[in-house]
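Numbering (the numbering used here), first residue to last: 2 to 100. For every residue, glycine included, the Cβ atom is placed at its ideal position computed from N, Cα and C.
Okay, here's the thing in structure tokens:
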């Protein structure tokens, strides 16, 4: 039987955090905040990325599906906090509607 990974996200780039859930990851796969942060650091260097990505720091938190640095076989939930959210709020206006 084939196993498929399913990746779900919530949040927006200028919000306080992005939330991600990864389903289908088998048990005992190494998952740590430092591994996720390292992959996000590589992403920041990608082609076409804006200047903001060079100085924004990602705040990675593992919420579930991982214990002692290994996946449990249940969905893995991660948040990536936006260190510049307070600044973005002042630019866009707190509670301002774009609709």
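Self-check item: Pair within 9 angstroms by beta-carbon distance, residue 22 and residue 77
Solution: Their beta carbons are under 9 angstroms apart, which means residue 22 touches residue 77 by this criterion.
Quiz item: Can you tell me whether residue 72 is buried or exposed, with buried defined as 16 or more other CB within 10 angstroms of its CB?
Solution: That one is buried.
Quiz item: Can you tell me whether DSSP reads residue 35 as helix, strand or coil?
Solution: Residue state, collapsed to three classes: helix.
Exercise. Would you kindly work out how many angstroms separate the C-alpha atoms of residue 27 and residue 84, rounded to a whole number?
Key: Going from the Cα of residue 27 to the Cα of residue 84 covers about 31 angstroms.
Self-check item: Simplified DSSP assignment, three categories, for residue 3
Solution: It is coil, neither helix nor strand.
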